[in-house]
Amino acid sequence: MAGAPISWGVCEVPGWGYQLPAATVLSQMAALGLRATEFGPDGFLPADPLRRADVLAGHGLAAVGGFVPVVLHRADADPLPALEGVLDGFVASGADVLVVAAATGLDGYDTRPELGEDEWDLLLRRLDRITERAAERGLTAVLHPHVGTLVESGEDVERVLDGGSAALCLDTGHLLIGGADPLAIARRAPERIAHVHLKDVDASWIARVRAGELTYSEAVAAGMYRPLGAGDADVAGIVAALEGAGYGGWYVLEQDTVLAAPAGEEDPSAPVVADVRASIEHLLGPA
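Using numbering that gives the first Met the number 0, you'd call the opening residue of the sequence shown number 0 and step up by one each time.
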């Protein structure tokens, strides 16, 4: 089980919200009993991979890997050269999972284009190449279906499963918001799931996002994501399906959050700590 900076509101999207310093986030992760974390966005941890590993180790945390949005569908831009350095950095930091999202090339996750068949074919071929290049370095590359990216819905996930060899990051929240069933995917293709982001979601907010009443980012800021067990995702069923199929990868606790700037002496991280603690207790029981 691992943590993720997004639970503390740390995100790569410009203007996402108040960004807590790494020292606060990592020390609170460790105090909650977490022993590993994903990296978070560029700039959250040191860019130098050895220094990055040292910072994590200083808080008693191991490196899991990180979320890397990559534009995969454009014929005029090959993502592999830039990813080579990322892969090298992951190896040097002691990480083992590259979490790829099929980025649109636009800022944020509130809109996305529709792809043609040629663009889909290119996206899938590039995912296979990334999988191969990561494996050569001893890393596991996974595709993260994510709201506002080019792989979002159940139909999109089926294209990936049927059209290529890439493994999946099963994000229980993003899949539900995108209209997919994470439990059905866990049962249908457990051999393709190599990483898990455990989220819980309030379905009433999902309905409002799908109806166009508010954007994804507005819904996150309003509290669409909930501690595990407090929303509408079948977390227990998903974990049971994966464990029954022999899953041996990470479970990363994620509750995507947008923090407001603190007023006066207010501690903006206090509700985050309470929510992460609730998620841990839901999975493992009280300490």
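No residue lacks a Cβ here, since even glycine has one placed at the ideal position from N, Cα and C. Model, not experiment: these values are computed from the prediction.
#1: Report the residue from S216, A273, S203 and V275 whose alpha carbon sits nearest the alpha carbon of W15.
#2: I need the DSSP call for Y224, collapsed to helix, strand or coil.
#3: What are the start and end residues of the beta strand (DSSP E) that includes V96?
#4: Touching or not, the region 16–28 and the region 267–275, by the rule of three or more beta carbon pairs under 8 Å?
#5: Would you please state the rounded distance, in angstroms, between the beta carbons of F38 and G59? I believe it to be under 8 Å.
#6: Rounded to whole angstroms, what is the Cα-Cα separation between A102 and G245?
#7: Kindly identify the DSSP beta-bridge partner or partners of P45.
#8: Mind checking which residues open and close the beta strand (DSSP E) that includes A193?
#9: Could you give the DSSP three-state label for Y17: helix, strand or coil?
#10: Where does V24 fall in DSSP's three states?
#11: Once DSSP output is grouped into helix, strand and coil, what is the label at E118?
In this structure, then:
#1: It is S216.
#2: When secondary structure is reduced to three states using DSSP, Y224 falls in the strand class.
#3: Counting along the chain, V96 sits inside the beta strand (DSSP E) bounded by residues V96 to A101.
#4: Taking a cut-off of 8 Å on C-beta distances, the region 16–28 touches the region 267–275, as three or more cross pairs fall below it.
#5: The beta-carbon distance between F38 and G59, rounded to whole angstroms, is 16 Å. This is too long to meet the 8 Å contact definition.
#6: About 30 Å.
#7: Looking at the DSSP assignment, P45 forms no beta bridge with any residue, so it has no partner.
#8: Bounds of the beta strand (DSSP E) holding A193 are I192 to L197.
#9: Here Y17 sits in coil by DSSP.
#10: The three-state reading of DSSP puts V24 in helix, counting H, G and I together.
#11: Helix, per DSSP.
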